[in-house]
Amino acid sequence: MDSLLLTGFEPFGGDSRNPSGEIAAALDGTVLHGKVLIRSLILPVATHDAWQLTISAVRRCKPRWIVATGVAPRPTITPESQAVNWCDYRIPDNSGNVRRDVPSVPGTRRTYHTGVETNKLVAAIRALGIPSETSDDAGRFVCNDFYTHLLRLTSRPNHRAAGRSLFVHVPKVPEMGGNPPFLPLADIHRGLVALLTALTHPHD
Ligand code: PCA
């Protein structure tokens, strides 16, 4: 059976929750279309450690798709079209690192684009009445840093997940407190299932 590696992050920055990690954990073991097994990984909010864990999981599971998720203070579910090879952390990551004005991966490209057709995924989420749009800015913190590594790995044409890796930011949930925008956890969950189902559709 083909597998899809789904990652989410732990809470960070003083928050007690992170919907990305909660939903990834809840979807572990789910089978899409009767033929794609979701394998989930909950990652620390520290790029080096998160990336080492991801590489190990990729070697173990040999996924055909890799979908990474994180939370961002936005009103919509946003598949990210690109990563910018640049870090400018405004707060420390969960290991206490603050990477200011440095490349994620020195000496290589400035941007990496996903090979995934994000418009189709956005349409699948919106069909449920859940807000979604493509984003071209994953920030300059751990998610974008991680996405640079992910797109770089899967830009190798012979990689099993070549052209099939994606990062998705999801909104905060009301229980996190602070300022809106929020989206209920159940809506984010349904939206991500719609995205994963459309992504792995056997006829595409
Ligand atoms: N969001 C952060 C890092 C972890 C997460 O869930 C980000 O957008 O960089």
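Residue numbers (our numbering): 1168 to 1371. Think of the CB as a built atom: it goes at the ideal place given N, C-alpha and C, for glycine as much as any other residue.
For residue i, tell me which candidate among the options has the shortest Cα-Cα distance.
| i | options | result |
| --- | --- | --- |
| tyrosine 1314 | Asn1325, Pro1298, Arg1331 | Arg1331 |
| proline 1230 | Asp1268, Arg1277, Leu1333 | Leu1333 |
| proline 1338 | Phe1308, Cys1228, Gly1358, Pro1324 | Gly1358 |
| isoleucine 1372 | Arg1227, Arg1307, Thr1281, Gly1282 | Beyond the ends of the chain as shown, which are 1168 and 1371, falls residue 1372; an answer cannot be given. |
| arginine 1206 | Ile1233, Asn1264, His1215 | Ile1233 |
| serine 1271 | Arg1184, Trp1218, Asp1354, Pro1211 | Trp1218 |
| proline 1242 | Ser1170, Ser1248, Pro1211, Asp1354 | Asp1354 |
| threonine 1278 | Ser1223, Asn1311, Pro1211, Phe1349 | Asn1311 |
| aspartate 1182 | His1280, His1370, Gly1344 | Gly1344 |
| alanine 1235 | Leu1363, His1200, Asn1325, His1368 | Leu1363 |
In terms of residue numbering, what span does the beta strand (DSSP E) encompassing residue i cover?
| i | result |
| --- | --- |
| valine 1218 | Looking at the sequence shown, residue 1218 is not valine but tryptophan. Per DSSP, tryptophan 1218 belongs to no beta strand (DSSP E); it is in the alpha helix (DSSP H), 1214 to 1228. |
| aspartate 1169 | 1169 to 1176 |
| proline 1246 | 1245 to 1247 |
| leucine 1194 | First-last for leucine 1194: 1186 to 1194, but that is the alpha helix (DSSP H), not the beta strand (DSSP E). |
| leucine 1210 | 1203 to 1210 |
Could you check whether residue j and residue i sit closer than 7 angstroms to each other, using their CB atoms as the reference points?
| i | j | result |
| --- | --- | --- |
| alanine 1239 | histidine 1336 | yes |
| leucine 1208 | proline 1246 | no |
| glycine 1237 | serine 1187 | yes |
| alanine 1193 | alanine 1291 | no |
| valine 1340 | phenylalanine 1349 | yes |
Going by DSSP, what residues sit across from residue i in a beta bridge?
| i | result |
| --- | --- |
| phenylalanine 1179 | In DSSP, phenylalanine 1179 forms no bridge with anything. |
| alanine 1235 | Thr1174, Phe1334 |
| alanine 1250 | Tyr1279 |
| valine 1198 | Leu1204 |
Can you name the start and end residues of the alpha helix (DSSP H) that residue i belongs to?
| i | result |
| --- | --- |
| alanine 1353 | 1352 to 1366 |
**Asked** Unbroken beta strand (DSSP E) runs of length 3 or more, entirely within the region 1260 to 1323: which are they?
**Response** Complete beta strand (DSSP E) runs here, min 3: 1267 to 1269, 1278 to 1280.
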